[in-house]
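In our numbering, the protein residues as written are 1 to 178.
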């Protein structure tokens, strides 16, 4: 597998900074609404993880896919997720990406390469590996990227997925955020 290096110019660095700030602003607002009793359900914030989430996602090509967890909403911003979609999701609106059927940060949009999140960790690692296997079989120059927290590394699925991805030399990036 060939790894490419990217250099970011001033515009790209400003884009990354914008998405990091936007993500923090969205999460700060969600937190205020939740603490004020104006947001139903629960919230799972990724405060302090903005750089890894945005930086990794920003490096992907438009045809690549990401698989995020409930704490990684910010990684979807460079893929085109909007603040309106985030808040619609949290309020269970028909205008949300799940059409009001999901909650929290479980949105996704295949057209933008965002697989819908799940709460069972690290269930997206095998899914991302499956996407990567499909890309490899079809000889597509695409990459799958999956995020998880360090707690997910204690689950057998995590180890099994890393093993098969290595053995099959899959075009997949796994990100563990502590």
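Note that beta-carbon positions come from the ideal geometry of N, C-alpha and C, so glycine has one too.
What you are looking at is a predicted structure, and each value in this text was computed from that prediction instead of being measured.
Start-to-end residues for the alpha helix (DSSP H) that takes in residue i
i	result
residue 165	156-167
residue 31	10-35
residue 96	Where residue 96 is concerned, there is no enclosing alpha helix (DSSP H), given that its DSSP letter is neither H nor E.
residue 130	124-137
residue 85	83-90
residue 55	50-58
Boundaries (first-last residue) of the beta strand (DSSP E) holding residue i
i	result
residue 149	144-149
residue 177	172-177
Residue nearest to residue i in terms of C-alpha spacing, selected from the options
i	options	result
residue 37	19, 111, 162, 91	91
residue 240	143, 152, 150	There is no way to answer for residue 240, as the model of the chain reaches only from 1 to 178.
residue 51	109, 76, 111, 161	76
residue 21	41, 49, 10	49
residue 169	153, 150, 139, 60	139
residue 152	113, 118, 80	118
residue 65	150, 127, 161, 160	127
residue 167	141, 129, 145, 146	129
residue 110	101, 93, 94, 131	131
residue 41	94, 61, 102	102
residue 114	25, 94, 163, 82	82
Cutoff 8 Å; reference residue i; Cβ partners in own chain excluding five residues on either side
i	result
residue 155	121, 122
residue 8	16
residue 39	30, 33, 90, 91
residue 58	12, 15, 16, 19, 78
residue 148	69, 121, 122, 124, 125, 158, 174, 175, 176, 177
residue 46	23, 27, 53, 71, 72, 73, 74, 177
Sheet register partners of residue i (DSSP bridge)
i	result
residue 115	67
residue 72	Per DSSP, none; premise fails for residue 72.
Alpha-carbon spacing of residue i relative to residue j, whole angstroms
i	j	result
residue 73	residue 55	13 Å
residue 165	residue 137	13 Å
residue 150	residue 160	16 Å
residue 61	residue 133	17 Å
residue 99	residue 116	13 Å
residue 141	residue 10	27 Å
Proximal residues to residue i (C-beta, below 7 Å), its chain only, five neighbours per side dropped
i	result
residue 43	30, 31, 34, 104
residue 85	96, 97, 107
residue 88	95, 96
Same chain, Cβ closer than 6 Å to residue i, five either side skipped, listed in chain order
i	result
residue 146	67, 124, 125, 128, 174
residue 112	79, 80
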